[in-house]
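Per our numbering, residue 207 is the first one in the sequence shown, and the count goes up by one each step. The beta-carbon is built from N, C-alpha and C at its ideal position, and this holds for glycine as well. Notes follow the structure.
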Amino acid sequence: MHVIVIGAGAVGISIAANLAEHGTQVTVLERGSIGAGTTATSYAWVNSNGKEPQAYFALNAAGVKAHHDLAPGGSSWFVPGGHLEVAADEAHARHLTTRIQRMHERGYPVQELTPEETHQLLPDLQLPPGTLQVAFFPEEGHVFPQLYLGAMLTRARAAGVRIHTQTPVTALETAPTGALVHTADGQHLEADAIVMAAGRWTQDLAAAAGTQIPLARFSHPGDVTVGYLATTSPVPVCLDRLLTTPRLNVRPDGGGRLLLQALDLDVTADPDQVPAPDSALAEEFLHRLREVLPSTDGAQIERLVVGQRVMPADGLTIVGPSTEHPWLYLVATHSGITLAPFLGQAVAQEVLGGHEPLFDDFRPNRFLERATITAPPVPRRPGEQ
Ligand SMILES: Cc1cc2nc3c(=O)[nH]c(=O)nc-3n(C[C@H](O)[C@H](O)[C@H](O)COP(=O)(O)OP(=O)(O)OC[C@H]3O[C@@H](n4cnc5c(N)ncnc54)[C@H](O)[C@@H]3O)c2cc1C
207 MHVIVIGAGA
217 VGISIAANLA
227 EHGTQVTVLE
237 RGSIGAGTTA
247 TSYAWVNSNG
257 KEPQAYFALN
267 AAGVKAHHDL
277 APGGSSWFVP
287 GGHLEVAADE
297 AHARHLTTRI
307 QRMHERGYPV
317 QELTPEETHQ
327 LLPDLQLPPG
337 TLQVAFFPEE
347 GHVFPQLYLG
357 AMLTRARAAG
367 VRIHTQTPVT
377 ALETAPTGAL
387 VHTADGQHLE
397 ADAIVMAAGR
407 WTQDLAAAAG
417 TQIPLARFSH
427 PGDVTVGYLA
437 TTSPVPVCLD
447 RLLTTPRLNV
457 RPDGGGRLLL
467 QALDLDVTAD
477 PDQVPAPDSA
487 LAEEFLHRLR
497 EVLPSTDGAQ
507 IERLVVGQRV
517 MPADGLTIVG
527 PSTEHPWLYL
537 VATHSGITLA
547 PFLGQAVAQE
557 VLGGHEPLFD
567 DFRPNRFLER
577 ATITAPPVPR
587 RPGEQ
C-alpha cells in the first residue's frame with residue numbers, strides 16, 4: 207500500500223512515521239520546508255484544560271497521555287513540568303473555580319496552591335497584586351515543536367518515508383487504483399490513499415478535490431485565526447514550566463529564552479503587519495514580563511511573530527475520510543501540538559482499516575449535516591490558546 211501525506215507539519219510527519227512503521231510505503235509532499243507552517247509559530251502547550259465539549263476534552267486528554275507515553279519523564283522535545291495559573295480578579299477566579307471543579311469530575315489532575323506552595327514551584331514569580339487563586343495542572347507540559355519534528359523525522363526516515371519539500375500539491379483526482387496527485391513541478395503520483403494534513407491550507411486544497419472543509423479564514427486584525435508570540439533573549443530566570451497570569455502567558459523556550467503570549471494584545475495581530483522586535487508592542491510584552499518575573503529585567507524581544515491558527519469553522523478537530531472520496535483522509539486541527547502524537551498513531555490505524563472511537567464526533571461530514579455552524583470564540587481569557 208502506498209500512502210501520500212500532504213503537509214510536513216507536526217501532524218503530517220507524525221502520521222507519516224506511524225504509517226511507515228506499520229509497513230506502509232509513505233511519501234510526504236510539502237510545498238515549502240518541513241515544519242514551516244503553523245507548527246513554526248505555536249505556543250505548544252500540551253493540555254486538555256477547559257477544552258469543551260466533553261468529546262473534545264477526551265480527545266485532547268488522549269493527546270496529553272500520548273505525549274507522556276512517547277516521552278516518559280520528558281525528552282528533548284517534551285517538558286512535562288506542569289502548568290501554573292494565577293487568577294487575580296473575580297471573573298477569572300470564578301471561571302477557574304468552575305474549571306477546576308469540572309476537571310476534578312473528569313479525573314484531570316489539578317490542585318489549588320497556597321502562596322508558599324506557589325513559591326516552591328516558581329521561586330522567581332511575583333504574584334500579581336490582589337491574587338485570589340493559584341491552580342497547578344501537573345500533567346500538562348510544553349513542546350519544542352522543531353525538536354518534536356526532529357524526533358518524528360528520525361523515526362519516519364528510519365521507517366523508509368520519502369519526503370519531498372518545495373513540492374506543492376496542485377490537484378487530486380480519482381484514479382483506477384485510488385488517487386492521482388499532481389504537483390506544481392509536473393509530477394503525477396499514484397497512491398492508494400491520501401492523507402491531507404495541510405493545516406490552514408486544507409480548505410483550498412480539499413476544494414480542488416471537490417470536498418468542502420470549512421476553516422476560519424483571516425479577515426481582520428485580532429480575529430480568531432491570529433495571535434502574537436514573542437521570544438525573549440536568554441534571561442537568568444528560574445522557570446521550568448508554563449505560567450498563565452492575568453496579563454501574560456509565559457513558558458520556557460530553550461536556552462534561557464522565554465515565549466510570551468498576551469491574548470488581549472492580539473486585537474491588533476495582522477500577519478501582513480508584524481511589529482518590529484523593538485516596537486511599542488514588544489516593550490509592552492517586556493513590561494508585563496517584568497511585572498511577574500522581575501529577574502527578567504534586561505530581557506529583549508528577539509522575535510515577534512503573528513501565528514496563524516488552523517481553525518476549523520466550529521473550532522473542533524476535523525479527522526476522518528472525505529464524504530466524496532474514500533481514498534482521501536482529512537486532518538485539520540487547532541491544538542495540533544497537543545494532538546500530534548495521538549493523531550499520528552490513531553490516524554495511521556484508521557487509514558489501515560481500524561476505527562478510533564475518540565474521532566467519532568469529529569468527522570468531516572458533520573458540516574454537511576448541520577444547518578448552522580457555531581463559530582469558535584476568539585481566545586481572550588487567561589488560559590486559552
Ligand atoms: C498563536 C498560536 C498558538 C498556539 N498554541 C497552541 C498550543 O498551546 N497548543 C497546541 O496544541 N496547539 C497550539 N496551536 C496550534 C498548533 O500550533 C497547530 O494546530 C499545529 O501546529 C498544526 O500543525 P499541522 O501539521 O496541522 O499544520 P502546519 O504546521 O501548518 O503544517 C501543514 C503543512 O502543509 C503544507 N501544505 C499546505 N498546502 C500544501 C500543498 N498544497 N502541498 C504541499 N504541502 C502543503 C504547509 O506548507 C505546512 O507545512 C497554536 C497556534 C497558534 C497560531
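Which residues DSSP lists as bridging residue i, in chain order
{"i": "F343", "result": "H289"}
{"i": "R300", "result": "Paired residues: none, contrary to the question."}
{"i": "F284", "result": "V349"}
{"i": "H540", "result": "Bridge partners of H540: none, in fact."}
{"i": "A385", "result": "T380 and A397"}
{"i": "W251", "result": "H348"}
{"i": "Y434", "result": "V512"}
{"i": "Q479", "result": "Paired residue(s): none; Q479 is not in a bridge."}
{"i": "T233", "result": "I210 and R368"}
{"i": "L534", "result": "I400"}
{"i": "V375", "result": "T389"}
{"i": "Q317", "result": "F342"}
{"i": "L359", "result": "Answer by DSSP bridge pairing: none, since L359 is not bridged."}
{"i": "L421", "result": "P518"}
{"i": "P458", "result": "L464"}
Residue i: CB within 7 Å of a non-hydrogen atom of ligand 1
{"i": "E236", "result": "yes"}
{"i": "I419", "result": "no"}
{"i": "Q591", "result": "yes"}
{"i": "H394", "result": "no"}
{"i": "Q317", "result": "no"}
{"i": "R587", "result": "no"}
{"i": "W407", "result": "yes"}
{"i": "G504", "result": "no"}
{"i": "Y249", "result": "yes"}
{"i": "P547", "result": "no"}
{"i": "G218", "result": "yes"}
{"i": "A404", "result": "yes"}
{"i": "V285", "result": "no"}
{"i": "G460", "result": "no"}
{"i": "G256", "result": "no"}
{"i": "I212", "result": "yes"}
{"i": "G560", "result": "no"}
{"i": "Q514", "result": "yes"}
{"i": "H273", "result": "no"}
{"i": "L225", "result": "no"}
{"i": "L411", "result": "yes"}
{"i": "S160", "result": "This structure cannot speak to residue 160, because the chain is shown only from 207 to 591."}
{"i": "T539", "result": "yes"}
{"i": "A367", "result": "According to the sequence provided, residue 367 is Val. The question's Ala does not apply to it. Answer for V367: no, Cβ out of range of ligand 1."}
{"i": "T244", "result": "yes"}
{"i": "I507", "result": "no"}
{"i": "P374", "result": "yes"}
For residue i, the first and last residue of its enclosing beta strand (DSSP E)
{"i": "I400", "result": "A399 to M402"}
{"i": "L510", "result": "I507 to Q514"}
{"i": "L466", "result": "L464 to Q467"}
{"i": "T451", "result": "First-last for T451: undefined, no H or E at that position."}
{"i": "I524", "result": "I524 to P527"}
Span of the alpha helix (DSSP H) around residue i
{"i": "H208", "result": "That residue, H208, is in no alpha helix (DSSP H); its beta strand (DSSP E) goes H208 to I212."}
{"i": "A267", "result": "Q260 to L276"}
{"i": "H325", "result": "P321 to L327"}
{"i": "N224", "result": "A216 to E227"}
{"i": "V498", "result": "A486 to V498"}
{"i": "L574", "result": "R572 to E575"}
{"i": "T408", "result": "T408 to A414"}
Supposed close pair residue i, residue j - CB separation, criterion 8 Å
{"i": "L235", "j": "H370", "result": "5 Å"}
{"i": "I219", "j": "V349", "result": "Incorrect: roughly 13 Å between the Cβ atoms, too far for contact."}
{"i": "N224", "j": "G589", "result": "Not confirmed; about 31 Å, so no contact."}
{"i": "T451", "j": "P334", "result": "6 Å"}
{"i": "A364", "j": "V209", "result": "Not a contact, Cβ separation roughly 17 Å."}
{"i": "G521", "j": "L536", "result": "Actually they do not touch by this definition, with Cβ atoms about 16 Å apart."}
{"i": "L471", "j": "L448", "result": "That belief does not hold up - the Cβ atoms of L471 and L448 are roughly 18 Å apart, past 8 Å."}
{"i": "L353", "j": "L445", "result": "The Cβ separation is near 18 Å, so there is no contact."}
{"i": "G367", "j": "A226", "result": "Position check: residue 367 holds Val in this sequence, whereas Gly was assumed. The pair is a contact, with the Cβ atoms about 5 Å apart (cut-off 8 Å)."}
| query | Would the segment 334–351 and the segment 268–287 be scored as touching if the rule is three or more Cβ pairs under 8 Å? | reply | yes
| query | Can we say the segment 473–488 touches the segment 510–523, given the rule of at least three CB pairs closer than 8 Å? | reply | yes
| Inter-stretch contact (C-beta, 8 Å, three-pair minimum) for the segment 295–305 and the segment 413–429 | no
| So does the segment 543–557 actually touch the segment 265–274, counting three or more Cβ pairs closer than 8 Å? | With a cut-off of 8 Å, the segment 265–274 and the segment 543–557 count as touching, because enough Cβ pairs lie within range.
| field | Any 3 or more C-beta pairs closer than 8 Å across the segment 425–445 and the segment 500–510 | value | yes
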